[in-house]
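Student: The opening position of the sequence shown corresponds to residue 2 in the working numbering, with each subsequent residue numbered one higher. Handing you this structure, nothing more for now.
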Amino acid sequence: MADTVWWKRGTVYQVYPRSFQDSDGDGIGDLRGITRRLDYLAWLGVDAVWISPFYPSPMADFGYDVADYCGVDPLFGTLADFEALIAEAHFRRLKVILDFVPNHTSIAHPWFAESRASRTNPKRDWYIWRDPAPDGGPPNNWISNFGGPAWTRDEATGQYYYHAFLREQPDLNWRNPDVRAAMHDALRFWLDRDVDGFRVDVIWHLMKDEGFRDNPENPGFGPGQAEINRFAQVYSADRPEVFDVIAEMRAVLAPYGERVLIGEIYLPVERLVAYYGADLAGVDLPFNFQLIQTPWNARSVADLVVSYEEALPPGGWPNWVLGNHDQPRIAARVGPDQAAIAAMLLLTLRGTPTLYYGDELGLAQVSIPPERVQDPWEHNEPGHGRDPERTPMQWDDSLNAGFSTAEPWLPQTTDAAIRNVEYQRDDARSLLTLYRRLLRLRRDHTALATGTFRSLPATTDFVFAYERQDGATKLRILLNFSALQQVIVITDPEENRWSVLLSTHAARTGGGADATIILEGNEGVILIQAA
Ligand code: NOJ
Ligand code: MG
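Next up, the structure:
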């Protein structure tokens with residue numbers, strides 16, 4: 002049945018491989034480390050693990066600069082380690098999703114070495130080379146996402162190459178059919194090794210304006226924003242030709258059966274949903290980052306959920322994300338008290354949820370001393386670095402919280418002795434326990450996994466209330482976004498009684514709920530209609 006494919010029912014868990022578990026004592030996580038922790042993921046109750054890049058790379062952008070699409074960087078292990086990982090994952094019924102980075106390679110990729118060798122090299126056209134502007138400067142006004150011009154002049158041949166990110170990450174030319182064929186082969190390499198799908202890096206960037214027109218000024222640009230926002234990315238990304246490229250990727254996956262294609266896309270909702278493609282020929286899940294970008298209050302979140310649901314094309318499956326390796330940690334953004342509301346929201350909305358490792362512990366942003374800064378973006382544009390959300394997972398109260406026997410590549414939280422898996426796993430009131438219970442409920446109740454969604458009228462400004470339904474089963478979710486008690490009318494006169502299935506507050510002990518329910522500050526509850 003189409004509606005029960007695993008990536009609709011299931012939950013995705015993102016692992017940043019440098020930071021999950023070190024196995025060889027170098028202070029950096031690796032594939033064997035991930036394999037060692039698969040039992041944890043199975044225990045937690047997620048269905049798929051998405052692993053950020055582990056391919057051979059000079060690590061200028063920590064693996065998002067790929068020097069070989071069909072290998073494993075020795076820092077992370079070997080291809081045999083990967084094969085063991087996938088076998089062990091599948092043994093535990095966990096799917097494995099890889100990070101595919103097609104927009105750019107590393108400057109160290111052999112293709113780029115050839116391409117830059119001469120203007121007549123057969124691979125010259127695999128990348129984006131342009132003559133200087135008449136004044137000798139860059140060909141147009143496009144800016145790098147990490148600040149500074151997106152064009153770097155290559156002295157030997159006198160032309161500029163384009164890089165949407167670091168100069169160590171030259172963009173591939175997806176208009177070239179040989180590039181497409183080579184990248185399709187890379188997808189097949191991993192599909193043949195049984196991976197269950199791909200998260201495609203910056204998929205909306207793949208095609209650029211054929212005429213390389215200047216981007217227009219962004220009137221909303223102001224102090225504190227990263228330089229990339231100075232111009233609206235009208236010609237450098239989200240071009241109509243990208244949909245053909247995506248349809249071709251899909252066609253590569255098609256013969257392999259139920260594999261998922263997820264697209265990383267930072268665009269407003271009305272553009273985002275275009276990536277489902279005409280007749281759903283686009284990606285299965287255009288990553289929906291709207292919760293990360295919306296102010297954290299009941300009305301804004303309710304409006305967002307309703308407008309997203311309305312914008313979905315027929316048959317387009319929703320999805321929700323609260324955090325990733327590029328965004329401040331959710332617990333830091335909404336505060337420790339609301340972290341439980343965020344968890345309940347993520348895991349009770351309609352659509353595939355993606356969890357970011359460590360968010361289930363409420364990991365905070367870790368402040369990084371200047372001498373330990375790793376992210377190149379922080380060096381280019383201080384304050385924009387992503388190290389604070391990439392710190393190592395915290396497993397127990399042993400040395401380095403069980404992550405490594407060596408000094409970890411980034412520091413951990415100062416409360417690691419109590420903010421770790423071992424400490425929280427048997428505590429009924431912990432965030433980890435809440436995540437686990439929510440994941441369990443999603444599996445037990447089809448209404449939560451694949452049921453319909455209906456927003457309920459707000460009886461206070463501070464509560465977001467909605468209903469999930471599958472057949473005769475109805476669940477209601479009431480989320481208090483404030484620190485104050487809220488009185489909610491829950492029972493329509495003609496309906497049956499409701500009982501509490503789960504609360505974020507362990508002190509609320511099951512039982513029935515009458516016509517009204519008093520939510521504690523920062524409390525969320527899931528109610529089920531009694532038979
Ligand atoms: C998006 C990735 O999530 C980010 O970490 C990376 O720096 C850029 N793409 C460039 O690949
Ligand atoms: Mg290691």
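Even glycine gets a Cβ: it sits at the ideal position worked out from N, Cα and C.
Could you have a look at T295 and say whether DSSP puts it in helix, strand or coil?
Tutor: If DSSP states are grouped into helix, strand and coil, T295 belongs with coil.
Student: Under a Cβ-count criterion, where at least 16 other Cβ atoms within 10 Å of its own Cβ denotes burial, should P140 be classed as buried or exposed?
Tutor: Answer is buried; the Cβ neighbour count reaches 16.
Student: Which residue wins for smallest C-alpha separation from T451, given the options V464, T474 and A459?
Tutor: If we check each option's Cα against that of T451, T474 comes out closest.
Student: For Y128 and L254, I'd like the C-alpha separation in whole angstroms.
Tutor: Rounded to whole angstroms, Y128 to L254 spans 25 Å at the Cα level.
Student: State the CB to CB distance for the pair L286 and T349, rounded to an integer number of angstroms; the pair is presumed to be in contact (CB under 8 Å).
Tutor: Wrong, their Cβ atoms sit about 18 Å apart, outside the cutoff.
Student: Please state whether DSSP places E84 in a helix, a strand or coil.
Tutor: Helix, per DSSP.
Student: Please say whether F113 and P59 have beta carbons closer to each other than 7 Å?
Tutor: Against a cut-off of 7 Å, the Cβ pair of F113 and P59 comes out as no contact.
Student: Since E249 contacts R181 with CB under 8 Å, what's their CB separation in whole angstroms?
Tutor: Between R181 and E249 the Cβ distance is about 6 Å, and since that is below 8 Å, they are a contact.
Student: Measuring CA to CA, which of F55, P18 and P103 is closest to R37?
Tutor: Among F55, P18 and P103, the Cα nearest to that of R37 belongs to P18.
Student: I'd like to know if the segment 439-454 and the segment 422-429 are in contact, where contact means that at least 3 CB-CB pairs between them fall below 8 Å.
Tutor: Counting Cβ pairs under 8 Å, fewer than three are found: no touch.
Student: Could you tell me the alpha carbon to alpha carbon distance between A1 and R391, rounded to whole angstroms?
Tutor: As shown, the chain starts at 2 and ends at 532. That puts residue 1 outside it, with no answer to give.
Student: Taking 6 Å as the cut-off, is the beta-carbon of I419 closer than that to any non-hydrogen atom of the ligand MG?
Tutor: No, the beta carbon of I419 sits no closer than 6 Å to any heavy atom of the ligand MG.
Student: Can you list, in chain order, the residues of its chain whose CB lies under 7 Å from that of A507, leaving out five sequence neighbours each side?
Tutor: A429 and R430.
Student: Using a Cβ-Cβ cutoff of less than 6 Å, which residues in the same chain neighbour Q487 once the five nearest sequence positions on both sides are dropped?
Tutor: T461, F463, V464, N481 and L520, listed in sequence order.
Student: At the level of alpha carbons, what is the spacing between W51 and F288?
Tutor: Their Cα atoms are separated by approximately 13 Å.
Student: Less than 7 Å between the beta carbons of G34 and T406, yes or no?
Tutor: The answer is no: Cβ separation not under 7 Å.
Student: At a threshold of 6 Å, does D445 count as lining the ligand NOJ (C-beta to nearest heavy atom)?
Tutor: Not so, every heavy atom of the ligand NOJ lies at least 6 Å from the Cβ.
Student: E305 to A165, Cα distance in whole Å?
Tutor: Sequence inspection shows Leu at residue 305; the Glu mentioned does not correspond to that position. Spanning the two alpha carbons is a distance of roughly 29 Å.
Student: Under a three-way DSSP split, which group does Q395 fall into?
Tutor: Reduced to three states, the DSSP call for Q395 is coil.
Student: Three or more beta-carbon pairs under 8 Å between the segment 237-244 and the segment 206-223, yes or no?
Tutor: Yes, since at least three Cβ pairs between the segment 237-244 and the segment 206-223 fall closer than 8 Å, the two stretches touch.
Student: Using CA coordinates, which residue listed in L362, I331, N104 and L281 is at the minimum distance from W297?
Tutor: Comparing Cα-Cα distances from W297 to each of L362, I331, N104 and L281, the minimum goes to I331.
Student: Do Y65 and the ligand NOJ come close, with the Cβ less than 6 Å from some heavy atom?
Tutor: Within the cutoff, so yes.
Student: Enumerate in chain order the residues of its own chain whose CB-to-CB distance from V526 is below 6 Å, with the five nearest sequence positions on each side excluded.
Tutor: Closer than 6 Å at Cβ, skipping near neighbours: L479, V501 and S504.
Student: Looking only at its chain, what residues have a beta carbon closer than 6 Å to the beta carbon of V13, apart from the 5 residues adjacent to it on each side?
Tutor: The residues are A49, W51 and T355.
Student: Cβ of F101 within 6 Å of any heavy atom in the ligand NOJ?
Tutor: F101: no, Cβ never under 6 Å from the ligand NOJ.
Student: Is it buried or exposed for G159, if we count other Cβ within 10 angstroms and need 16 for buried?
Tutor: By the 10 Å Cβ count, G159 comes out exposed.
Student: Skipping 5 residues on each side, what residues in its chain have a beta carbon closer than 7 Å to that of Q291?
Tutor: Same-chain partners within the cutoff: V270, L305 and Y309.
Student: Which one of G72, W499 and A341 has the shortest CA to CA distance from Q530?
Tutor: It is W499.
Student: L400: buried (16+ other C-beta within 10 angstroms of its C-beta) or exposed?
Tutor: Counting Cβ neighbours within 10 Å, L400 comes out exposed, since fewer than 16 surround it.
Student: Looking at the strands, I want to know which residues DSSP matches up with S504.
Tutor: S504 is bridged to V526.
Student: Tell me whether the beta-carbon of P260 lies closer than 7 Å to the beta-carbon of D195.
Tutor: According to the sequence displayed, residue 260 carries Arg and not Pro. Going by C-beta atoms, R260 is not nearer than 7 Å to D195.
Student: What runs of the alpha helix (DSSP H), each 4 residues or longer, lie entirely inside the segment 254-308?
Tutor: Here the runs fully enclosed are 270-273 and 291-294.
Student: Do you know offhand how far A90's Cα is from L45's?
Tutor: Looking at the two C-alpha atoms, the distance is approximately 14 Å.
Student: Touch check for the segment 212-223 and the segment 267-284: three-plus C-beta pairs under 8 Å?
Tutor: Not touching, per the Cβ criterion.
Student: Work out the CA separation of G72 and L80 for me, nearest whole Å.
Tutor: Straight-line Cα distance between these residues: approximately 6 Å.
Student: Is the beta carbon of G522 sitting closer than 7 Å to the one on A484?
Tutor: Yes, Cβ-Cβ distance for G522 and A484 is below 7 Å.
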